[in-house]
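> I'd like to ask you about the structure that follows.
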Amino acid sequence: AQTVTQSQPEMSVQEAETVTLSCTYDTSESNYYLFWYKQPPSRQMILVIRQEAYKQQNATENRFSVNFQKAAKSFSLKISDSQLGDTAMYFCAFMKPGANSKLTFGKGITLSVRP
Amino acid sequence: KAGVTQTPRYLIKTRGQQVTLSCSPISGHRSVSWYQQTPGQGLQFLFEYFSETQRNKGNFPGRFSGRQFSNSRSEMNVSTLELGDSALYLCASSLVWGADQPQHFGDGTRLSIL
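These protein sequences, in sequence, are chains V and A. Under this note's numbering, read the first sequence as residues 1 to 115, first letter to last. Under this note's numbering, read the second sequence as residues 116 to 229, first letter to last.
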């Protein structure tokens with residue numbers, strides 16, 4: 001079974017600064033996908049970024065980028081130029097494609113952006 | 116394009132009752148998954164439906180069931196409610212089942228058991 005670990009329960013960052021959220025996972029699979037989801041107080045889970053395990057290049061989406069270290073099973077999210085609207089819970093998630101595909105989530109981290 | 120729609124947004128029930136939650140996926144999406152979110156257990160997978168068939172199931176008791184209709188809308192039913200069933204229930208849709216498609220979530224249904 002796959003597990004996803006987010007060891008930091010809370011983080012805080014000043015507006016316009018950069019913050020990195022950590023995530024590690026455990027799997028014996030070679031082909032899989034990793035995601036970061038954002039859940040603001042409005043509750044809707046929003047996909048932030050996605051990484052395919054077979055791609056060595058780190059995914060980026062505007063101010064959001066990941067540092068994917070496959071050998072270390074690490075998948076951290078970097079948020080540049082933090083904005084007040086980035087305040088939310090962030091979940092790291094793992095998915096193995098195929099018949100039993102499902103998202104396995106970490107416990108999440110609460111990120112607060114200070115003005 | 117409308118997103119994933121979940122109804123109702125809030126629900127209050129008492130122990131022993133049953134409840135039905137509804138989820139309408141994004142137009143064209145045929146796979147619907149359900150997740151339970153609680154402060155203690157986090158996000159846990161309940162089940163996934165595709166083409167009106169349950170394709171995958173998480174580790175939940177048989178009191179939790181679901182179904183999917185021909186228009187891809189899905190319902191989740193919980194019978195004999197327990198206090199521990201209080202949670203945010205999230206529905207997610209994707210284009211197809213078992214592929215590398217990202218899942219898009221609704222706003223969830225907040226279920227409170229008194």
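Ideal placement from N, C-alpha and C gives every residue a C-beta, glycine not left out.
1. Tell me whether V:D81 sits in a helix, a strand or coil according to DSSP, three-state version.
2. What would DSSP say about A:D215, mapped onto helix, strand or coil?
3. Taking CB distances under 9 Å as the criterion, tell me whether A:E163 reaches chain V.
4. Can you tell me where the beta strand (DSSP E) with V:S112 in it begins and where it stops?
5. Can you pull out the residues from the stretch 97 to 112 of chain V whose beta carbon lies closer than 8 Å to at least one beta carbon of chain A?
6. From the DSSP output, which residues share a beta bridge with V:I147?
7. According to the Cβ coordinates, are A:A207 and V:M11 closer than 9 Å?
8. On the premise that A:S146 lies in contact with A:A117, defined as a C-beta separation below 8 Å, what is that separation, rounded to the nearest angstrom?
9. Can you name the residues of chain A whose CB is closer than 9 Å to the CB of V:L47?
10. Among A:D222, A:Q218, A:G199, A:T195, whose alpha-carbon lies nearest the alpha-carbon of A:T135?
11. Look up A:D200 in the DSSP assignment and say whether it is helix, strand or coil.
12. Give the residues of chain A in contact with V:Y33, contact being defined as C-beta atoms less than 8 Å apart.
13. With the cut-off set at 9 Å, would you say V:L47 and V:Y33 are in Cβ contact?
14. Can you give me the Cβ contacts of A:T129 inside the same chain, cut-off strictly under 8 Å, excluding the 5 residues immediately before and after it?
15. Check whether the stretch 98 to 105 of chain V touches the stretch 182 to 194 of chain A, taking contact to mean three or more Cβ pairs, one atom from each stretch, closer than 8 Å.
16. Could you tell me which chain V residues have their CB closer than 8 Å to the CB of A:F160, listed as they occur along the chain?
17. Identify whether V:D26 lies in helix, strand or coil by the three-state DSSP scheme.
18. Within its chain, find whatever has a CB closer than 6 Å to the CB of V:L77; leave out the 5 residues flanking it on each side and keep chain order.
19. Nearest chain V C-beta to A:N171 closer than 9 Å, yes or no?
By the coordinates alone:
1. In the first sequence, counting from the first residue as 1, residue 81 of chain V sits at position 81. The answer is coil: DSSP assigns V:D81 none of H, G, I, E or B.
2. Translated into positions along the second sequence, residue 215 of chain A becomes position 100. Three-state DSSP puts A:D215 in coil, outside helix and strand.
3. For this step, residue 163 of chain A is matched to residue 48 along the second sequence. Answer yes: the Cβ-Cβ gap between A:E163 and chain V drops below 9 Å somewhere.
4. The count along the first sequence starts at 1 and reaches residue 112 of chain V at position 112. That run of the beta strand (DSSP E) goes 109 to 114.
5. P97, G98, A99, N100, S101, K102, L103, T104, F105, G106, K107, G108
6. Residue 147 of chain V is absent from the model: chain V starts at 1 and stops at 115.
7. Taking the second sequence and counting its residues from 1, one reaches residue 207 of chain A at position 92. Taking the first sequence and counting its residues from 1, one reaches residue 11 of chain V at position 11. No, they are not a contact pair.
8. As a first step, residue 117 of chain A must be located in the second sequence, where it is residue number 2. As a first step, residue 146 of chain A must be located in the second sequence, where it is residue number 31. Actually they do not touch by this definition, with Cβ atoms about 17 Å apart.
9. Within the first sequence, the letter at position 47 stands for residue 47 of chain V. Near V:L47 (Cβ distances below 9 Å), the residues of chain A are P217, Q218, H219, F220.
10. The residue labelled residue 135 of chain A in the question sits at position 20 within the second sequence. Of the listed residues, the one whose Cα sits closest to A:T135 is A:T195.
11. By one-based count along the second sequence, residue 200 of chain A stands at place 85. Of the three classes helix, strand and coil, the one that applies to A:D200 here is helix, per DSSP.
12. Counting from one through the first sequence, the residue named residue 33 of chain V turns up at place 33. Near V:Y33 (Cβ distances below 8 Å), the residues of chain A are D215.
13. The residue labelled residue 47 of chain V in the question sits at position 47 within the first sequence. The residue labelled residue 33 of chain V in the question sits at position 33 within the first sequence. Against a cut-off of 9 Å, the Cβ pair of V:Y33 and V:L47 comes out as no contact.
14. As a working note, residue 129 of chain A is residue 14 in the second sequence. So the list reads L196, I228, L229, once near-sequence residues are dropped.
15. no
16. In the second sequence, counting from the first residue as 1, residue 160 of chain A sits at position 45. Residues of chain V passing the Cβ test: K102, L103, T104.
17. Here residue 26 of chain V is taken as the residue at index 26 of the first sequence, counted from 1. Three-state DSSP puts V:D26 in a strand.
18. Counted from its first residue, the first sequence places residue 77 of chain V at position 77. Cβ neighbours of V:L77 beyond the five flanking positions: L21, W36, V66.
19. By 1-based counting over the second sequence, the position of residue 171 of chain A is 56. By this cut-off, A:N171 is an interface position.
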